[in-house]
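The structure under discussion appears below in the form of structure tokens.
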Amino acid sequence: MTLPNHLYAQRMNVELRHLRCFLAVAEEGGFTAAAHRLHLAQPTLTRNIRALEDSLGVRLFERTTRRTELTGKGEALRDAVVPLLRQLDSALTDLRNGDTLRVGFSWGLPEGLSRLAARFTETTGTGVEFIRCDTPQAGLDTGRADVALLRSTPPKGLRGVLLYEESRSAAVPAGWKLAERSELDWAELAGLPLIVNTVSGTTFPEMWPAGSRPVVGSECRNFDEWLEQVAVGLGVGTAPVSAARRYTHPSVRIMPLTGAPAVPAYLTYPSHGAHPQAARFADHAWRAAEELQRA
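Positions in the sequence shown are counted from 1; adding 1 to them yields the numbering used here.
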């Protein structure tokens, strides 16, 4: 009797996950150890093995309450599957190695992110390249970056993980009398001209209550211009405290700022069509957030 084609196709519906589950049980000598190795619930592993046996129409394991052993068919499948899976894993690794994940930033890249990137490359084989992009979304909006560090809540169309929040410092022209102070308060800045980085800044007049907002002393489009405009005395500004450690200028005094809202740091990537490693890199960064904030 010849089986209809559709029945034969269903009978041979073997998937890669079935073979990986089979090999784990064969190598571990039992379902419990194999489930632990694969990070699967044991009933899920059992269903996969049963599906494989049903698809092949043969019994692969002899199972009793005391042991799990390969049948003759199981041994033959194991001997055939081991080199095939090794070859497949090698081919997939070769494809993944050499790929690059581009991480965009406008300024103030956390120092610890480079160490994280090195570990990520060791783990995944995917290289990480940091690219400075002076755009609102640090390169995601122009296609230059696959992942971006943003100092604001991600807009619609982007996914992001909050790495940390940090306090602000005030930046004051060194020649001003104000620079002699030991600290400033957020409310005091409302009476001073504000330097606004319109592209990648974190401080805007709308952040103060209506009726007590600072005037715009000057506008710029990147952090370097912002620092220079403070230096020549066009106004004051604020930036995350990490910026005070990374950026200095002989004509700018950086001092503590009290009462200011915190600055979030998000690692973001597109909601659709993202680089295959984007979410994984963001997850690695989120898990290492404490390390990144200390750096």
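Every residue gets a Cβ at the ideal spot worked out from N, C-alpha and C, and that includes glycine.
Nearest neighbour of CYS22, chosen from ASN223, ARG182, LEU78 [CA to CA]: LEU78
List the residues that DSSP assigns as beta-bridge partners of ASP186. THR259
Smallest Cα separation from GLY1: which of VAL253, VAL242, ASP90? Absent from the model: residue 1. The displayed extent of the chain is 2 to 296, so no value can be given.
For GLN43, which residues from the same chain have a beta carbon less than 6 Å from its beta carbon, with the 5 sequence-adjacent residues on both sides left out? PHE32, ALA36
I'd like the list of long-range same chain contacts for TRP108, defined as Cβ closer than 6 Å, with 5 residues on each side in sequence excluded. PHE224
Per the contact definition of three or more C-beta pairs closer than 8 Å, is the stretch 194 to 211 in contact with the stretch 283 to 293? Taking 8 Å as the limit for Cβ pairs, the verdict is that the stretch 194 to 211 does not touch the stretch 283 to 293.
Beta-carbon proximity list for ALA25, same chain, < 6 Å, skipping 5 on both sides: ALA35, ARG38, LEU39
Can you give me the C-alpha to C-alpha distance between GLU28 and THR269, rounded to a whole angstrom? 40 Å
Could you pull the start and end residues of the beta strand (DSSP E) that LEU150 belongs to? 148 to 151
Could you pull the DSSP bridge partners for ALA27 from this structure? Its beta-bridge partners do not exist; DSSP assigns none.
Minimum length 4: unbroken alpha helix (DSSP H) runs contained in the stretch 56 to 131: List check, alpha helix (DSSP H) in window: 73 to 97, 113 to 125.
If we call anything under 8 Å between Cβ atoms a contact, is ALA275 one with ARG169? Cβ distance not < 8 Å, so ALA275 and ARG169 don't count as in contact.
Count the other CB atoms, across all protein chains shown, that sit within 10 Å of the CB of VAL216; report buried if there are 16 or more and exposed otherwise. exposed
Could you tell me whether the stretch 152 to 170 touches the stretch 259 to 267, where touching means 3 or more Cβ pairs closer than 8 Å? yes
Cβ contact (3+ pairs, closer than 8 Å) linking the stretch 170 to 184 and the stretch 248 to 257: yes
Looking only at its chain, what residues have a beta carbon closer than 7 Å to the beta carbon of ALA188, apart from the 5 residues adjacent to it on each side? GLY260
Proximity below 8 Å, CB of ASP135 to CB of SER201: yes
On the DSSP bridge list, what partners appear for GLY161? THR269
Using 8 Å as the threshold, is the stretch 201 to 211 in touch with the stretch 136 to 155, meaning 3 or more CB pairs across them? yes
Verify whether the separation of the beta carbon atoms of GLU70 and LEU61 is less than 8 Å. no
CA-to-CA distance, THR47 to THR3, given in whole angstroms: Low confidence applies here, because THR3 scores a pLDDT of 48, under 50, leaving its location unreliable; read the following figure in that light. Rounded to the nearest whole angstrom, the C-alpha separation of THR3 and THR47 is 31 Å.
List the residues that DSSP assigns as beta-bridge partners of VAL237. For VAL237, which the question treats as bridged, DSSP gives the partners LEU195.
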